[in-house]
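Okay, so here's the structure we're looking at.
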Amino acid sequence: VPEADEDMIRAYSNEIVAVIRDLVKLNPLFREHAQYFTSRIDMSNPYKLADFAASLTTAEGPELQDILEEGSARERLSKALLLISKEREMSRIQQEIQQNVEEKISKQQREYFLNEQLRSIKKELGMEMDDKEALLTKFRDRVKAFGESVPEEATKMIEDELQKLSSLEKNSAEFNTTRNYLDWLTQMPWGMTTEETFDLMKAQEILDADHAGLDEVKDRILEFIAVGKLKGGVQGKIMCLVGPPGVGKTSIG
Numbered sequence: 057v058p059e060a061d062e063d064m065i066r067a068y069s070n071e072i073v074a075v076i077r078d079l080v081k082l083n084p085l086f087r088e089h090a091q092y093f094t095s096r097i098d099m100s101n102p103y104k105l106a107d108f109a110a111s112l113t114t115a116e117g118p119e120l121q122d123i124l125e126e127g128s129a130r131e132r133l134s135k136a137l138l139l140i141s142k143e144r145e146m147s148r149i150q151q152e153i154q155q156n157v158e159e160k161i162s163k164q165q166r167e168y169f170l171n172e173q174l175r176s177i178k179k180e181l182g183m184e185m186d187d188k189e190a191l192l193t194k195f196r197d198r199v200k201a202f203g204e205s206v207p208e209e210a211t212k213m214i215e216d217e218l219q220k221l222s223s224l225e226k227n228s229a230e231f232n233t234t235r236n237y238l239d240w241l242t243q244m245p246w247g248m249t250t251e252e253t254f255d256l257m258k259a260q261e262i263l264d265a266d267h268a269g270l271d272e273v274k275d276r277i278l279e280f281i282a283v284g285k286l287k288g289g290v291q292g293k294i295m296c297l298v299g300p301p302g303v304g305k306t307s308i309g
């Protein structure tokens with residue numbers, strides 16, 4: 057081998073070794089692989105060094121085959137150096153991406169913990185309530201606004217449901233059911249009454265003004281009002297309108 061080629065082979069070999077060291081630092085996954093092979097191959101052999109360097113890369117099959125078919129030690133090292141240098145750059149980019157992702161995650165976690173701490177501090181100082189406590193307070197305020205007009209049985213039921221809501225997890229299905237029930241209970245017009253009106257002509261005008269057709273339904277409503285007028289009241293009775301969605305059951309009632 058000419059002396060000039062020997063110098064180039066030595067230079068390529070030294071550069072490949074340096075790149076392998078950088079690669080091991082950037083990607084710990086290569087460390088065990090590199091330690092295993094360096095203890096079993098002759099690193100002074102340019103052909104084996106080139107093959108080992110190529111084996112550390114994620115190059116495609118044709119590129120690796122090209123190195124194996126290269127008979128010149130100098131060219132073989134040159135091609136291997138190109139592949140492993142690309143691998144080093146790829147590892148650097150992956151490391152940068154990983155660091156950016158970790159920084160973002162760390163920042164989000166830090167903000168989350170700080171917000172939780174802030175919320176806990178405000179709660180201790182009475183400056184803020186969590187969602188569940190806010191709901192309980194809202195329902196109790198509604199009941200309090202009715203005063204003594206809420207019947208005793210209803211008051212007991214509402215208090216029982218409030219106790220139940222306070223012990224449920226916010227993410228449970230039963231929590232939502234209980235919340236909706238309390239929302240309905242505390243918005244009922246407790247203690248509020250109105251005089252019953254049995255004016256059939258007025259009722260007919262309202263029904264015809266708001267809905268076209270539905271004659272059988274209108275007649276049944278008017279019959280209900282007429283019977284109530286004869287008896288002097290409906291005595292708590294209600295009508296049940298049955299039908300598919302969108303036919304006007306709610307609006308006509």
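Heads up, the sequence shown is in the working numbering, so the first residue is 57 and it goes up one at a time. Here a beta-carbon is modelled for each residue, glycine too, at the ideal position from N, C-alpha and C.
Exposure of residue i, with buried meaning 16 or more beta-carbon neighbours within 10 Å
i	result
E143	buried
T193	exposed
I294	exposed
I214	buried
S69	buried
L170	exposed
P102	buried
A201	exposed
L112	buried
CB-CB length for residue i against residue j, believed under 8 angstroms
i	j	result
L270	G302	Their Cβ separation, rounded to whole angstroms, is 13 angstroms, which puts L270 and G302 out of contact at 8 angstroms.
W246	V206	5 angstroms
L238	E217	5 angstroms
S307	D266	7 angstroms
G132	A106	It should be pointed out that residue 132 corresponds to Arg in this sequence rather than to Gly. Between A106 and R132 the Cβ distance is about 4 angstroms, and since that is below 8 angstroms, they are a contact.
Distance CB(residue i)-CB(residue j) smaller than 8 angstroms
i	j	result
I281	L256	yes
R130	I65	yes
K220	T234	yes
L79	I140	yes
Q260	L278	yes
Residues near residue i in its chain [Cβ-Cβ closer than 7 angstroms; skip 5 each side]
i	result
E208	none
S134	Y68
F195	L218, L238 and T242
Nonlocal neighbours in the same chain, by C-beta distance under 6 angstroms from residue i, ignoring five residues either side
i	result
A110	L120, I123, A136 and L139
L263	K274
D61	R130
V57	In this prediction, V57 has a pLDDT of 46, which is less than 50 and means its spatial position is unreliable; nothing more can be read from the coordinates.
V73	none
E189	none
Proximal residues to residue i (C-beta, below 8 angstroms), its chain only, five neighbours per side dropped
i	result
T312	For residue 312 there is no data in the structure shown, the boundaries of the chain being 57 and 309.
R198	T242 and Q243
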